[in-house]
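Protein chains in written order, with the numbering used here: chain A, 1 to 213; chain B, 214 to 426; chain C, 427 to 639; chain D, 640 to 852.
Glycine included, each C-beta is placed from N, C-alpha and C at the ideal position.
Small disclaimer: the values here were computed from a predicted structure and weren't measured.
Heads up: the structure comes next, in structure tokens.
Protein chains: 4
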Amino acid sequence: MSASTPVDPGYSKAHTALLFVDPYNDFLAEGGKLWPLVEVVARSVSLHQHLKAISDAVRKAGMQVFIVPHHRAEPDDFTHWKNASPYQLGASAIQVFAKDSWGGEWFSDFSPQPGDIVVKEHWGSSGFANTDLDFLLKQKGISQVIIIGLIANTCIESTARFAAELGYHVTLVKDATAAMSAEAMHAAHHINGPAFAHLIVDTVQLLTLLPKA
Amino acid sequence: MSASTPVDPGYSKAHTALLFVDPYNDFLAEGGKLWPLVEVVARSVSLHQHLKAISDAVRKAGMQVFIVPHHRAEPDDFTHWKNASPYQLGASAIQVFAKDSWGGEWFSDFSPQPGDIVVKEHWGSSGFANTDLDFLLKQKGISQVIIIGLIANTCIESTARFAAELGYHVTLVKDATAAMSAEAMHAAHHINGPAFAHLIVDTVQLLTLLPKA
Amino acid sequence: MSASTPVDPGYSKAHTALLFVDPYNDFLAEGGKLWPLVEVVARSVSLHQHLKAISDAVRKAGMQVFIVPHHRAEPDDFTHWKNASPYQLGASAIQVFAKDSWGGEWFSDFSPQPGDIVVKEHWGSSGFANTDLDFLLKQKGISQVIIIGLIANTCIESTARFAAELGYHVTLVKDATAAMSAEAMHAAHHINGPAFAHLIVDTVQLLTLLPKA
Amino acid sequence: MSASTPVDPGYSKAHTALLFVDPYNDFLAEGGKLWPLVEVVARSVSLHQHLKAISDAVRKAGMQVFIVPHHRAEPDDFTHWKNASPYQLGASAIQVFAKDSWGGEWFSDFSPQPGDIVVKEHWGSSGFANTDLDFLLKQKGISQVIIIGLIANTCIESTARFAAELGYHVTLVKDATAAMSAEAMHAAHHINGPAFAHLIVDTVQLLTLLPKA
Numbered sequence: 001m002s003a004s005t006p007v008d009p010g011y012s013k014a015h016t017a018l019l020f021v022d023p024y025n026d027f028l029a030e031g032g033k034l035w036p037l038v039e040v041v042a043r044s045v046s047l048h049q050h051l052k053a054i055s056d057a058v059r060k061a062g063m064q065v066f067i068v069p070h071h072r073a074e075p076d077d078f079t080h081w082k083n084a085s086p087y088q089l090g091a092s093a094i095q096v097f098a099k100d101s102w103g104g105e106w107f108s109d110f111s112p113q114p115g116d117i118v119v120k121e122h123w124g125s126s127g128f129a130n131t132d133l134d135f136l137l138k139q140k141g142i143s144q145v146i147i148i149g150l151i152a153n154t155c156i157e158s159t160a161r162f163a164a165e166l167g168y169h170v171t172l173v174k175d176a177t178a179a180m181s182a183e184a185m186h187a188a189h190h191i192n193g194p195a196f197a198h199l200i201v202d203t204v205q206l207l208t209l210l211p212k213a
Numbered sequence: 214m215s216a217s218t219p220v221d222p223g224y225s226k227a228h229t230a231l232l233f234v235d236p237y238n239d240f241l242a243e244g245g246k247l248w249p250l251v252e253v254v255a256r257s258v259s260l261h262q263h264l265k266a267i268s269d270a271v272r273k274a275g276m277q278v279f280i281v282p283h284h285r286a287e288p289d290d291f292t293h294w295k296n297a298s299p300y301q302l303g304a305s306a307i308q309v310f311a312k313d314s315w316g317g318e319w320f321s322d323f324s325p326q327p328g329d330i331v332v333k334e335h336w337g338s339s340g341f342a343n344t345d346l347d348f349l350l351k352q353k354g355i356s357q358v359i360i361i362g363l364i365a366n367t368c369i370e371s372t373a374r375f376a377a378e379l380g381y382h383v384t385l386v387k388d389a390t391a392a393m394s395a396e397a398m399h400a401a402h403h404i405n406g407p408a409f410a411h412l413i414v415d416t417v418q419l420l421t422l423l424p425k426a
Numbered sequence: 427m428s429a430s431t432p433v434d435p436g437y438s439k440a441h442t443a444l445l446f447v448d449p450y451n452d453f454l455a456e457g458g459k460l461w462p463l464v465e466v467v468a469r470s471v472s473l474h475q476h477l478k479a480i481s482d483a484v485r486k487a488g489m490q491v492f493i494v495p496h497h498r499a500e501p502d503d504f505t506h507w508k509n510a511s512p513y514q515l516g517a518s519a520i521q522v523f524a525k526d527s528w529g530g531e532w533f534s535d536f537s538p539q540p541g542d543i544v545v546k547e548h549w550g551s552s553g554f555a556n557t558d559l560d561f562l563l564k565q566k567g568i569s570q571v572i573i574i575g576l577i578a579n580t581c582i583e584s585t586a587r588f589a590a591e592l593g594y595h596v597t598l599v600k601d602a603t604a605a606m607s608a609e610a611m612h613a614a615h616h617i618n619g620p621a622f623a624h625l626i627v628d629t630v631q632l633l634t635l636l637p638k639a
Numbered sequence: 640m641s642a643s644t645p646v647d648p649g650y651s652k653a654h655t656a657l658l659f660v661d662p663y664n665d666f667l668a669e670g671g672k673l674w675p676l677v678e679v680v681a682r683s684v685s686l687h688q689h690l691k692a693i694s695d696a697v698r699k700a701g702m703q704v705f706i707v708p709h710h711r712a713e714p715d716d717f718t719h720w721k722n723a724s725p726y727q728l729g730a731s732a733i734q735v736f737a738k739d740s741w742g743g744e745w746f747s748d749f750s751p752q753p754g755d756i757v758v759k760e761h762w763g764s765s766g767f768a769n770t771d772l773d774f775l776l777k778q779k780g781i782s783q784v785i786i787i788g789l790i791a792n793t794c795i796e797s798t799a800r801f802a803a804e805l806g807y808h809v810t811l812v813k814d815a816t817a818a819m820s821a822e823a824m825h826a827a828h829h830i831n832g833p834a835f836a837h838l839i840v841d842t843v844q845l846l847t848l849l850p851k852a
């Protein structure tokens, strides 16, 4: 899985899709509730520029885009839940991606476009868990997923781990995601990713592998 | 989630179970195919001693034990699969946990005991994916899982991530697992685990939280 | 499973919930798009009266109510889907439970009440498929489900078949559902139901089995 | 969905597979424990002849065959299960498809052939529930399933309902299955099947739709 010569995964617009996880203002915009936590890493990998380059390229190639959104917080989430996690309770306390708030709106550059599919919101970290993502991928004939967005070691990694267990071919893009630390990025792409992903590339490499329009 | 004073999770033999992942000779025995890869970390955390202490204590408390085994390799696995991962192909090449081989037998100290439930083998990293683990946990009324065994950042972590997405209360035990590097252990317990686990303890702490027989 | 003396299932407010499937105007109200198809059977079993009696009784007993809604139709549903079924396409053609329409609103007597949980909409017949129903049942500690609503041999039966495969205890209520023919009701409760349901009762029997408030 | 002119589903060996459910002696052989229950219907539809014709034709066409087996009974199944169903307990009492017994062996005409995939055993009625069937279908690139075997309104119907909810194109074959009564066959193919299946044909029609070798 050398950085310079990835194996050609044979992407095509018929069976390869982009999964764009959590393109919310709270993650990506100045003033977003979580932006301060990911800003350093995001800037270090030129996150916005890469998300835009990939998003534009896959659309130009005629590939299907799936928006994979986290649950938008409401004040009474988790009331009387047996097993809400400390992490969920923490996010709830500050109402991350609050429903009907600016932070829970799409970051303007990455709003869904006509033809995009917005899947059901996920409660935890995996875009597949308790949603219709697997079902809708099948309805579009997709067998390969390229996963970008936030956060590398939480939602991106869980979505990728689930995708692999469901039988999909999984591509991670090292500089089209971010995390709370460089250490977390390293864990996602160099320690854990190789155990389940089929391909781990950077944006420049990915663009060379996309099908022509 | 301080190491010294974990929140009492309210374990009970009625609704808490131990998931023991991949207690195979290939992982745990001298001469096992993967033992050389985990040996340094395993010795550094006194892995065998802690697995034994926990296994003994949960049985003494009358708690249900689930054995969660990885697929036992056969020579023609993955033939003509579309999306076998590089990691799966690598394991197949050396026939890890080979069917009908010593390496694919239970490590003697951790063989299933009468009353234990051996769930279906998993193809990837999660003990829940493509198996009957969730179903059998429900049949036993279990809502909390304590996950031990191998490997901290692959099968243990995927099983734990899936457990949380399925609604279970999840406990990780830092010194009742191992990995290929100290860095991978750190990633599992300090970078990633807090995003999905409900409790991360060490064996000594765990033992104080178990219900009395 | 004699009608006169059902085995006591041991319902309790702690672990038994009501699943109310598709309480939409299009199904239950005069003028609803599907009401003409189920009206004869609905009247023959006193459907509305029984749904009301059960709904009132479970709330009085302090039991959790889950509303399990079908997808609300939008004009471009199923565009370019590989495998939309003839049945889905037929429902789409007349925009059953159309989004933002009266037909897609809750029938007034059965609107969600404070504390009820409205799960994600299902695309097909099973309230569990591609939704968060299993996850939310776990978060409430539920292991037994009583399933009422529409239609006996489609959504109720698929939801019940999935519930059983997921490990839940399943109760069907013969006169708290309806179908397009008496023959379909017979199929649901006398031919198929006994193969997966744990208990099949009528409303009068159910009410005697509910826990006291 | 007229019997004389089914819509051509576009089967191909690349993306269409046969699911052969429960081809056990206990179902199909003289002396099998369940054969007396299905014999009348089986003979009325020439079951064995049609299963053989389809099995031969799909193999000749180079299509993938999946064997989808029910759990083989063991004496202590369901011990201390919370929610074993009356139907499961009844089957257990007579040890249907008993492990290591003749009844739990494949009926000789329908034993797995080289290249067939035998999926994990299912505990209930659906071949997808708690097994690796969805995962293995993906690994073979399958998006359409033709489901034959036993019993029309239990395992065949549940497997078909699950397949549709998972996004597959589903074909039922009316005379390549059987049930305990003609009424149950009618329920499966004329009352319920049209609500989830994409195509319901008889064997003669199916054979005309299969791809050429």
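Check	Outcome
Mind checking which residues open and close the beta strand (DSSP E) that includes residue 597 of chain C?	595–604
Within a Cβ cutoff of 6 angstroms, which residues of the same chain sit near residue 707 of chain D, ignoring the five residues on either side of it in sequence?	658, 660, 758 and 766
Residue 279 of chain B CB to nearest chain A CB: under 8 angstroms?	no
Roughly how many angstroms lie between the CA atoms of residue 642 of chain D and residue 409 of chain B, to the nearest whole one?	Note that residue 642 of chain D scores a pLDDT of 46, beneath 50, so its modelled location is shaky; the value from the coordinates is reported in the next line. Taking the straight line from one Cα to the other gives about 53 angstroms.
Please classify residue 672 of chain D: is it buried, with 16 or more other beta-carbons within 10 angstroms of its beta-carbon, or exposed?	buried
Going by the DSSP bridge assignment, what does residue 705 of chain D pair with across the sheet?	D:658 and D:756
Using only the alpha-carbon positions, how far apart do residue 317 of chain B and residue 518 of chain C sit?	52 angstroms
Leaving out five residues on either side along the sequence, give the residues of the same chain with a beta carbon under 8 angstroms from the beta carbon of residue 692 of chain D.	842 and 846
Please report how far the alpha carbon of residue 760 of chain D lies from the alpha carbon of residue 769 of chain D, in whole angstroms.	8 angstroms
At 9 angstroms on the CB atoms, spell out the chain C contacts of residue 351 of chain B, in chain order.	564, 569, 592, 593 and 594
Does the stretch 174–191 of chain A come close enough to the stretch 775–792 of chain D to have 3 or more Cβ pairs within less than 8 angstroms?	no
Just curious, the alpha helix (DSSP H) that residue 693 of chain D is in, first and last residue?	686–699
Please work out which residues of its chain come closer than 8 angstroms, Cβ to Cβ, to residue 288 of chain B, disregarding the five sequence neighbours upstream and downstream, and give them in chain order.	308
Based on DSSP bridge pairs, tell me the residues matched to residue 150 of chain A.	A:178
Can you give the beta carbon distance from residue 367 of chain B to residue 412 of chain B, rounded, assuming they're within the 8 angstroms contact cut?	Going by Cβ atoms, the distance from residue 367 of chain B to residue 412 of chain B rounds to 21 angstroms, so no, they are not a contact pair.
Can you tell me which of the three DSSP states residue 294 of chain B falls into?	coil
With a threshold of 8 angstroms between beta carbons, is residue 348 of chain B in contact with chain C?	yes
On the DSSP letters alone, give me the boundaries of the beta strand (DSSP E) that residue 423 of chain B sits inside.	Per DSSP, residue 423 of chain B belongs to no beta strand (DSSP E) and is neither H nor E.
When we look at the beta-carbon of residue 292 of chain B and count the other beta-carbons within 10 Å, is it buried (16 or more) or exposed?	exposed
Tell me the DSSP secondary structure of residue 673 of chain D in three-state form.	coil
Name the chain B residues whose beta carbon is nearer than 8 angstroms to that of residue 721 of chain D?	351, 352, 353 and 354
In whole angstroms, what separates the C-alpha of residue 328 of chain B from that of residue 711 of chain D?	19 angstroms
Which same chain residues, not among the five before or five after residue 222 of chain B, have their C-beta less than 6 angstroms away from its C-beta?	412
Taking only the alpha-carbon atoms, compute the straight-line gap between residue 321 of chain B and residue 133 of chain A and give it to the nearest angstrom.	42 angstroms
Name the chain A residues whose beta carbon is nearer than 7 angstroms to that of residue 580 of chain C?	Here the premise fails: no neighbours, minimum Cβ distance about 18 angstroms.
Is the CB of residue 305 of chain B under 8 angstroms away from at least one CB in chain A?	no
If you measure between the beta carbons of residue 7 of chain A and residue 150 of chain A, is that distance less than 8 angstroms?	no
State buried or exposed for residue 275 of chain B, treating a residue as buried only when at least 16 other CB atoms are found within 10 Å of its CB.	exposed
So, is the C-beta of residue 513 of chain C closer than 8 angstroms to a C-beta in chain D?	yes
Would you kindly work out how many angstroms separate the C-alpha atoms of residue 106 of chain A and residue 137 of chain A, rounded to a whole number?	22 angstroms
Please list the segments of the beta strand (DSSP E) lying wholly inside the stretch 521–569 of chain C, counting only runs of 3 or more residues, in order along the chain.	none
For the stretch 751–768 of chain D, enumerate the residues whose C-beta is nearer than 7 angstroms to any C-beta of chain F, in chain order.	You won't find chain F in this structure, because its protein chains are A, B, C and D.
Is the shortest distance between the beta-carbon of residue 655 of chain D and the beta-carbons of chain A less than 8 angstroms?	no
Between residue 97 of chain A and residue 70 of chain A, which are expected to be in contact by the criterion C-beta below 8 angstroms, what is the C-beta distance as a whole number of angstroms?	6 angstroms
Among the candidates A:160, A:141 and A:156, whose CA atom is the shortest distance from the CA of residue 13 of chain A?	A:141
Distance, Cα to Cα, residue 418 of chain B vs residue 381 of chain B?	20 angstroms
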